[in-house]
Amino acid sequence: MKKIAIYAAAAFMILMLDHVQVHAVPAPHDSQCLQCHVSHNKLGTQTDDLVCLSCHNPSGGAKAQNMPFSPGDAANPYGAASGLQNSHNWVGSDTNPKAGALPPLDPAVALKQHEGKISCAKCHNLHGPKQSETNSAPFLRALNDADQMCLDCHRQRNTQNHLSGSHPVLVSYSGAVKRNPEGFYATPRSANPANPTAAMKLVKGTVSCSTCHGVHYTDSNSATLDNRSSALLGRLTASAGNLLRAESRGGRANDVNLCTSCHQGMSAHNAGGQNVQCVDCHGGHVAETDGSDPNVYLVRRFMRYSTYRGKFDLRALNRPAYFLSAVNKNYKDGNGTGLCQACHITPPDNPDCNAPDAVCNDCHAHNNATGAFSPNTSECTSCHGNPPTENLVGSPNGYAEGYIGVDESRSGHAPHAERDGYNFDCDECHKGSQHASGQFQQVFTSSADTLAGSFGAAPHYDTAARTCATVYCHSNGAPRGGTIKFSAPPPFANAQGAIIGKPFECGVCHGAAVAGFNNLSTNAHFRHVSLDTGSGLQYGCSLCHASVASGNGTILDRRKHVNGVKELSFTGLAAGTSSNGATCSTSYCHSNGKGAFVTVSWSDRQAGACGSCHGTLPSVGGGLIATGAHFAHFSTSSQSGAMLTQSGIASCQLCHGGYLQELGGSHVNGSIDVTTPGYSPAGTGTCTPCHKQTVNWAGGAVSCESCHTAPLSVVNGSTAQDMSLAATKGHGKSGLSCLSCHARSERHFNGNSRLQPVLIGEGNASCRYCHDSQARVPNERFRNMSTHTLVKGGAGTMGCSVCHDAHGTGNLAQIRDVINGQPIVYTDQSTGLIDPVTNRGLCQACHTTTLYYKAGVPETHHPTKDCLTCHRHNAAGNAFKPVLVCDGCHGYPPAPRKSATAVAFGTLNNWSSARFEDYSGGGGAHLVAAHVSPNAKPSEGWVNCTMCHNAGRLDGAPNHRMAWHISDITVDVDPKYRFDNGFTVYTGAKLVDPPQANVTGSCFNISCHMSPSPRWSTER
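Be aware that the sequence shown starts at 2, since it is given in the numbering used here, and climbs by one per residue.
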């Protein structure tokens, strides 16, 4: 009760302190008050914008989520903000000189609680109506149908002319069109007509803030819809935070941008491909914050522009431009701060451009259709053509009045200065001459820094003959390290058509092929473009000068010809070449043909001689000849490899039969010419003289199988051994590869040194390395194998390979198909050891002095199968030494590990030699005194076993048939204990082999057990 009274009192005090009346909150903010408000005793625990963002975020709930905002959406074009920056900033001070922002004056917005800062609640009032006669949607605090709220805070930019450094607002667009119909489109264009949000929005017929700007979800990209749907779908793009409806710069020079949506007659400053657009020189708001007067016409104080060379901002270079008057336009001044000087250096030899306070737009008009501020060529032809090309007086193509000279329709002006010719500037020939003075033949008055005077040439002009001499323009181009040689150009009066377009155009200066004359002998030219097939190749000029020439007699681009630069651009076979003029590198022409390059010197004629690319001499196998499989073929070993000779080209021609010499047509032709049958240009195929299977030239060493499986390789007359069974019948069956045992790097054509170093040793060391190691051979059956003796009573020294072939055979256990000259068939472990027909089975192949199982002699006294039951490969002493006692394999007798009644054993007169059987459920019912006497000893042999096994017979003991699996256990009860063998029942798993599980059973229907006996093991 006391707590309720305190809460009630607190609520009353809050209502008394707040002078604002409490009304019902309109949707969608009509949820519980505590959704946004909390009771607290400390003010300022949460700022307004953070409260809004707690719902208005991408995961903020069904309603608020439809208008999501993230912290990175807040725009700050004046700082280092990151994120999309597509919404008006909602954090920071409400005073920002760079944005022209001041605290609002409208009482509905200038609330005390929001003083000095901007926030969501500064503009929006969720407690008020969505829109009404006094406020605009959505939930704004005041009307904004004519950008009133924008202009309240940004009132410094509420101007109707350009003089204050801000774009005019609240001006009639139709009125502007009426006053200047050539300067404005009748209705604003759109950078993307398919996107309504990219259109310039007129506010009640006027240009205002929201004509160019949006408030939220505005990413300055005309390709995206500026709305909350785009935000929800993640389609808005990152921007600089200027909140523009379209791009300030078009993707291409003359694409519609924000400015040219309204302004017409202006194009990008792009005549030279520089792609300088409106926003690079102008801005929407250009007033500096230092209090200085802004430039007129919204010209930036510091230009910024982007070209193919990169982005530039002249503020960082401190290169300001002052354009303060619409009357006295400052394009150039003595301080270097004129508008044009921000980016350009005025031509030093042009008096018009170098006049103090030059007015550049007399010749360079802003509205030039070929590009803003491109030169007005009509001004240059007021007296004569530029150049004169017609035999008449005056512009636009004639000669100047008073000129008495040559027929200009045939003169050298057109080929020298017209666009279809070399388009040289006048200064290239007339530098240093005074304009509109003299006798019209002021040529080479000054040749400094002209093309004619390049490379130390001393140009001369004969006014009487009207001819040039010793000019770089008509020379061999001043070869590197050589001497410049000049040709005699035709007289100026008849120069039109004398060289350009003629079949011998190039040969006039470079010699080339004119009536058998070959003058391209400078440096390494003679090896590339020689007419003599014995001394050089016959490449075209365009191979190395692709940007200049399209053939041996056609100039492709005259701007790059006769320009003082040896233009190198490579195409065709030479594409990708790098050159600094002195050397060539990364050139296919000077490589091994597979991507390994040699750097050659242009002035050293021997730099690219034979051997420099392929390293064929003095030692093959070194340098670049080691690529692909070359090394294997040019091995220095006399016992292995293809053993091709290292001198001369004869070895190369074994595979490259079409190669005759380095200047031949099959050399450096872009293809690898291989004449070996079956080889493909892709580097794979069958090189049938040696390899009968597909090989990969560049794929490293060939696989073992490619030679040692059918069809077998034949190298130097030697046929590879057939190892086709290695993977399925040999050691490969256990997951081993050839390289598990063999060293790839070791040559083995001579049959030696073929194993891994760890396997090399005396006798059976290579086999024992694995078979004596539990880690390498986990299966105990194949571990610690003994070897056979060679003489009776001798030590086990026989080689494993006498009987086994690790590469596999048609027999089990990798037993050789032929042993001691005898064919061996070993496909059954039980019957394959003795052949009762031929008496030449596996065990009989070598036995000639044994008492039994002798080669060629029938065996009548011993079993002829299951020899390995007693003659084990891993027997102690040596392989196949027989086990002579009954407990050699199992206990005497075997004992079950678990039985219904525990039975003790292993002590004197208590089954002293019994042992647990080594498999689950094994051991039988041997520890029953009525079955086997507790006093039984191994020396008594088979006699204690015949009650249940072998039908009471002692013959054949101790060589009874035994094997690995319990299914081979035989129960054959002594007749004196049974009625009839047909009636005896023995249950259990005697016919079950792993992996199935055996089940122990019992005996009945015999004299011992008329009914089923207990199961002898409880384990299974």
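Note that CB positions come from ideal geometry on N, CA and C, so glycine has one too.
| message | Just to confirm my understanding: we take Q157, look at its own chain, exclude 5 residues before and 5 after, and list those with CB closer than 6 Å. What are they? | response | In the sequence shown, the residue the question calls residue 157 occupies position 156. If we look at Q157 and ignore the five residues flanking it on each side, its Cβ neighbours are G101.
| field | Closest residue to K503 among I556, A630, A479 (Cα-Cα distance) | value | If you number the sequence shown from 1, residue 503 lands on position 502. The candidate whose alpha carbon is nearest that of K503 is I556.
| message | Just verifying my parser: in three-state terms, what is the DSSP assignment at N336? | response | Counted from its first residue, the sequence shown places residue 336 at position 335. Here N336 sits in coil by DSSP.
| message | Among H270, L393, C344, D294, whose alpha-carbon lies nearest the alpha-carbon of A366? | response | By 1-based counting over the sequence shown, the position of residue 366 is 365. When only C-alpha atoms are compared, the closest one is H270.
| query | Do three or more CB pairs link the region 297-306 to the region 97-115 at distances below 8 Å? | reply | no
| task | Less than 8 Å between the CB atoms is what I'm expecting for G797 and T788, so what's the real figure, rounded? | result | The residue given as residue 797 occupies position 796 in the sequence shown. The residue given as residue 788 occupies position 787 in the sequence shown. Between T788 and G797 the Cβ distance is about 4 Å, and since that is below 8 Å, they are a contact.
| How would you label S1012, buried or exposed, when you count the other beta carbons within 10 angstroms and need 16 or more for buried? | Counting from one through the sequence shown, the residue named residue 1012 turns up at place 1011. It counts as exposed.
| query | Using CA coordinates, which residue listed in L574, V599, K595 is at the minimum distance from C585? | reply | Residue mapping note: residue 585 aligns to position 584 of the sequence shown, counting from 1. That would be V599, whose Cα lies nearest to the Cα of C585.
| Mind pulling the alpha helix (DSSP H) runs of 4 or more residues that sit fully within the region 175-239? | 210-213, 229-233
| By Cβ distance below 7 Å, which residues in the same chain neighbour F518 in space, the five residues on each side in sequence not counted? | As a first step, residue 518 is located in the sequence shown; it is residue number 517 there, counting from the start. Summary for F518: the model assigns pLDDT 40, below 50, so the residue's position carries little reliability; its value from the coordinates is reported in the next sentence. G512.
| field | F239 vs S223 beta-carbon contact at 7 Å | value | As a position in the sequence shown, residue 239 is number 238, starting the count at 1. As a position in the sequence shown, residue 223 is number 222, starting the count at 1. The question names Phe, but residue 239 in the sequence shown is Ala. No, the Cβ-Cβ distance between A239 and S223 is not below 7 Å.
| task | Please name the residue in L244, N193, T225 whose C-alpha comes closest to that of C213. | result | Translated into positions along the sequence shown, residue 213 becomes position 212. When each option's Cα is compared against that of C213, the closest is L244.
| message | Less than 7 Å between the C-beta atoms of N879 and A846, yes or no? | response | Taking the first residue of the sequence shown as position 1, residue 879 is located at position 878. Taking the first residue of the sequence shown as position 1, residue 846 is located at position 845. No, they are not a contact pair.
| request: Starting from R979, follow its DSSP beta bridges and name the residues at the other end. | output: Start at 1 with the first residue of the sequence shown, and residue 979 comes out as number 978. Paired residues: I1007.
| Do A459 and T451 come within 7 Å of each other at the CB atom, strictly closer than that value? | In the sequence shown, the residue the question calls residue 451 occupies position 450. In the sequence shown, the residue the question calls residue 459 occupies position 458. No, the Cβ-Cβ distance between T451 and A459 is not below 7 Å.
| query | Around the Cβ of C1004, are there at least 16 other Cβ atoms within 10 angstroms (buried) or fewer (exposed)? | reply | Position 1003 of the sequence shown, counted from the first residue, corresponds to residue 1004. The residue in question, C1004, is buried, as its Cβ has 16 or more Cβ neighbours within 10 Å.
| request: May I ask you to verify whether the region 182-192 touches the region 130-150, counting CB pairs closer than 8 Å and requiring at least 3? | output: no
| request: Would you kindly work out how many angstroms separate the C-alpha atoms of S548 and P388, rounded to a whole number? | output: Translated into the one-based positions of the sequence shown, residue 548 becomes position 547. Translated into the one-based positions of the sequence shown, residue 388 becomes position 387. Each residue's Cα considered, the two are about 26 Å apart.
| request: Classify K312 as helix, strand or coil using the three-state DSSP reduction. | output: Within the sequence shown, numbered from 1, the residue matching residue 312 stands at position 311. In this structure, K312 counts as strand in the three-state DSSP scheme.
| said: Report the CB separation of C154 from P105 in whole angstroms; it is logged as a contact under 8 Å. | reply: Here residue 154 refers to the residue found at position 153 when the sequence shown is read from its first residue. Here residue 105 refers to the residue found at position 104 when the sequence shown is read from its first residue. The pair is a contact, with the Cβ atoms about 5 Å apart (cut-off 8 Å).
| task | Could you give the DSSP three-state label for S681: helix, strand or coil? | result | Residue numbering aside, residue 681 sits at position 680 when the sequence shown is read from its first letter. In this structure, S681 counts as coil in the three-state DSSP scheme.
| request: Can you say whether D1 is buried or exposed, counting buried as having 16 or more other CB atoms within 10 angstroms of its CB? | output: Nothing can be reported for residue 1: it is not among the residues displayed for the chain, which extend from 2 to 1021.
| Does the count of Cβ pairs from the region 815-832 and the region 865-879 closer than 8 Å reach three? | yes
| Hey, C545 and F505 are a contact pair by Cβ (cut 8 Å); roughly how many whole angstroms apart? | Your numbering for residue 545 matches position 544 in the sequence shown. Your numbering for residue 505 matches position 504 in the sequence shown. No, C545 and F505 are not in contact; Cβ-Cβ is about 21 Å, not under 8 Å.
| Excluding five sequence neighbours on each side, which residues of the same chain lie with their C-beta closer than 7 Å to the C-beta of L315? | Counting from one through the sequence shown, the residue named residue 315 turns up at place 314. If we look at L315 and ignore the five residues flanking it on each side, its Cβ neighbours are F303, M304, R305, A343.
| Does DSSP classify A744 as helix, strand or coil? | By 1-based counting over the sequence shown, the position of residue 744 is 743. Reduced to three states, the DSSP call for A744 is coil.
| request: Could you please give me the residues that DSSP links to V1 through a beta bridge? | output: Lying before the first or after the last residue shown, residue 1 is absent from the chain, which here runs from 2 to 1021.
| Cβ neighbour criterion (16 or more within 10 Å) applied to L625 | The residue labelled residue 625 in the question sits at position 624 within the sequence shown. Because L625 sits at a pLDDT of 49, beneath the cut-off of 50, its placement in the model cannot be relied upon, and the following sentence gives the value as read from the coordinates. By the 10 Å Cβ count, L625 comes out buried.
| task | Using 10 angstroms around the beta-carbon of I1, count the other beta-carbons present and answer buried if the total reaches 16, otherwise exposed. | result | The chain is shown only over 2 to 1021; residue 1 falls outside these bounds and no answer can be derived.
| field | Under the three-state DSSP convention, the category A651 falls into | value | Here residue 651 is taken as the residue at index 650 of the sequence shown, counted from 1. In this structure, A651 counts as helix in the three-state DSSP scheme.
| request: Find out if the Cβ-Cβ distance for the pair G235, D227 is shorter than 7 Å. | output: For the purposes of this step, residue 235 is taken as the residue at position 234 of the sequence shown. For the purposes of this step, residue 227 is taken as the residue at position 226 of the sequence shown. The answer is no: Cβ separation not under 7 Å.
| Based on the DSSP output, what are the partners of T261 in its beta bridges? | The count along the sequence shown starts at 1 and reaches residue 261 at position 260. DSSP output for T261 lists no bridge partner at all.
| query | Does DSSP put Y400 in a helix, in a strand, or in coil? | reply | Here the question's residue 400 lines up with position 399 in the sequence shown. Three-state result, Y400: strand.
| request: Go through its chain and collect everything with a Cβ distance to N785's Cβ below 8 Å, but skip five positions before and after it. | output: As a first step, residue 785 must be located in the sequence shown, where it is residue number 784. So the qualifying residues of the chain are H772, D773, N875.
| Rounded straight-line distance, which links the Cα of T523 to that of C688 | The sequence position of residue 688 within the sequence shown is 687, counting from 1. The sequence position of residue 523 within the sequence shown is 522, counting from 1. Computed Cα separation, rounded: 43 Å.
| query | Among G166, R916, G206, which has the Cα closest to the Cα of G176? | reply | Your numbering for residue 176 matches position 175 in the sequence shown. It is G206 whose Cα lies nearest to the Cα of G176.
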